[in-house]
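Protein chains in written order, with the numbering used here: chain E, 1 to 275; chain S, 1001 to 1325.
C-beta: ideal position from N, C-alpha, C; glycine also.
Being a predicted model, the structure only gives us computed values, none of them experimental.
Now the structure itself:
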């Protein structure tokens, strides 16, 4: 159906107004973070009267009261290591469930999938106790181990492997490849898009995780998200400073979002499938 | 992009196809499994972590709920079902708090699900067309979803905080009374719901949009020839054919609503003054984090709540399945 000119105006006008609702809070956050020192309460405009990076400077200099650098390192290590391990172990396991026949396959897979339907917090308290018993309190592995144990990655990669034409693998076997070679040389090279989608949504999940790190870390041993919360308690009135902290946590994911939007949309659609 | 529902529908067929594979003469399955332990080696790395951090905790959770469990004790006293009895008794201290937090959670679910689904539906229909810039707008609507709840809480706490927050100023400038956005109900719930819509409505939009795009354009063309306007097409074609996807989104939304934690924790601190916006998860957090952690009680609360959520999801997925059949 062809659109008449006034319809286009209405459409774009509506879209633009809605976009403001989504974009303005982040712009306001950036703006507040650039307003000097303790925010001048009369400077309420979106464009700061006297923009400065003072808040960011304080953020990185007050290492004793605000260990932002430690949090940033912990968040980065958790997300990078956690994502890499998740993608590897999920692919291996998913390939066996998709393509191999072995006693217990159905039972194990059904049991794992059943846990997908349970709310994650159900495991919260035993996981805290487990982490404490293993002496992992305040460590990087503690942040990613429960996520690594999750079943979504296995489910997601299995769906992908099932969609690969089985003839390719048969051809590899005829050529004398063993299962590991087939997996690494034939199947995995085709898995690029699936791996990208899984990596990006896993990275976001690790980076943004809030409740879990909050209950198993303290002080400079934390990641950025629980760190931000302790900030909010400490510097209630210092909006500019708080917003600078928030942006440190937000910028990496916004960059990932801009670069990998396509995979994120794919990931959202497949987490719909998961449900 | 295929609709989520079609993928789910295709699933049982695929499982059957794979299960049938070994019977084939040169089935890949048999060849890959030539050494009996190979498949187990493939699943082992994930399975160890799964067993340790999900399987074992699942069982341990029930065990803990039967004890008066505390980090600081060497011995955890066995209390049988006392924790459950306490939590289920409205006159008990812990039970009273549990019912209040459960009521708060339900209030949030009831209040936030309609806007999150309806706005998602509206945005998806706006995006479901052929025009320039469509993917850019889709990206803008989804962008807040990539932020953590800590950032979202911070952003909206600053929006609503006091009368100096921009929303306070805006309301003041049009001559309306300033509202206690974070310190009295219903304003506190409105603030929390607004923040949640901003944060997650893009997720629903994307799933609904995928569903809409799987509806055949010919149906719309036929309807247009018969003289149906856009609104009629939406009501008569889009909504009925989207029903399974809509039910899926509603179900996911209700489950997500029960997971409410960060928004009230960061924006209202669980207040107005006496925990009127404390949902179950925040209550559990307080039980864990207090000076006298009551892990047994917390475990019982989580088991009971998971049971409630479990019933809701089973019922909705039954509904979904009959819808599809």
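Going straight from the alpha carbon of residue 1236(S) to that of residue 1249(S), what length do you get? 20 Å
Per-residue contacts from residue 1236(S) into chain E (C-beta, under 7 Å): In chain order: nothing, as chain E lies at least about 16 Å away.
Cutoff 8 Å; reference residue 232(E); Cβ partners in own chain excluding five residues on either side: 242
Residue 1078(S), DSSP secondary structure in three states: strand
Segment limits, alpha helix (DSSP H) that includes residue 74(E): 68-99
Return the residue from the list 1140(S), 1160(S), 1257(S) that minimises the CA-CA distance to residue 1196(S). 1257(S)
With 8 Å as the threshold, decide whether the Cβ of residue 136(E) is near any Cβ in chain S. no
Reduced DSSP secondary structure (H/G/I, E/B, other) of residue 1046(S): helix
Of all Cβ atoms in chain S, is any one closer than 8 Å to the Cβ of residue 112(E)? yes
Do residue 1287(S) and residue 1293(S) have their CB atoms nearer than 8 Å? yes
Compare the C-beta of residue 947(S) against all C-beta atoms of chain E and say whether one is closer than 8 Å. Because chain S spans 1001 through 1325 in this model, residue 947(S) falls outside it and cannot be assessed.
Is the distance from the Cβ of residue 1212(S) to the Cβ of residue 1104(S) below 8 Å? no
For chain S, is any of its Cβ atoms less than 8 Å away from the one on residue 22(E)? yes
I'd like to know if residue 1131(S) contacts chain E, where contact means its C-beta is closer than 8 Å to some C-beta of that chain. yes
Can at least three beta-carbon pairs, one atom from the region 61-78 of chain E and one from the region 128-136 of chain E, be found at a separation below 8 Å? no
Residue 185(E), enclosing alpha helix (DSSP H) - first and last residue: Looking at the DSSP string, residue 185(E) is not in any alpha helix (DSSP H), and its letter there is neither H nor E.
Determine, using beta carbons only, whether residue 952(S) and residue 1080(S) come nearer to each other than 8 Å. Missing from the structure shown is residue 952(S); chain S here goes from 1001 to 1325 and no further.
Does the region 1263-1278 of chain S come close enough to the region 1295-1311 of chain S that 3 or more CB-CB pairs lie under 8 Å? no
Counting only C-beta atoms, is residue 1040(S) closer than 8 Å to chain E at any point? yes
What do you reckon, are the CB atoms on residue 1102(S) and residue 1200(S) nearer than 8 Å? no
Can you tell which of 182(E), 217(E), 143(E) has the C-alpha that lies nearest to the C-alpha of residue 207(E)? 143(E)
Give every residue of the same chain whose Cβ lies closer than 8 Å to the Cβ of residue 1184(S), excluding the five residues on either side of it in the sequence, and list them in chain order. 1272
6 Å CB neighbourhood of residue 1120(S) in its chain, flanking five on each side removed: 1201, 1204, 1205, 1208
Any beta carbon from chain E within less than 8 Å of residue 1146(S)'s own beta carbon? yes
For residue 51(E), does the three-state DSSP call read helix, strand or coil? strand
Closest by CA to residue 246(E), which one among 6(E), 34(E), 49(E), 20(E)? 34(E)
Using a C-beta to C-beta distance shorter than 7 Å, which residues of chain S count as neighbours of residue 70(E)? Those within 7 Å of residue 70(E) in chain S number zero; the least Cβ separation is about 16 Å.
Quick check on residue 193(E) - is its C-beta less than 8 Å from some C-beta in chain S? no
Work out the CA separation of residue 1149(S) and residue 1107(S) for me, nearest whole Å. 20 Å
Contacts around residue 202(E), its chain only, beta-carbon distance under 6 Å, and the 5 residues preceding and following it disregarded: 83, 86
What does a CB cutoff of less than 8 Å around residue 1134(S) pick up in its chain, not counting 5 residues either side in sequence? 1127
C-alpha gap between residue 1047(S) and residue 1053(S), whole angstroms: 10 Å
Cβ-based neighbour list, residue 51(E), same chain, cut-off 7 Å, excluding 5 preceding and 5 following: 34
When the Cα of residue 1305(S) is compared with those of 47(E), 19(E), 115(E), 121(E), which residue comes out closest? 121(E)
The alpha helix (DSSP H) enclosing residue 1272(S), as first and last residue numbers: Where residue 1272(S) is concerned, there is no enclosing alpha helix (DSSP H), given that its DSSP letter is neither H nor E.
Kindly indicate the opening and closing residues of the alpha helix (DSSP H) around residue 1260(S). That residue, residue 1260(S), is in no alpha helix (DSSP H); it is neither H nor E in DSSP.
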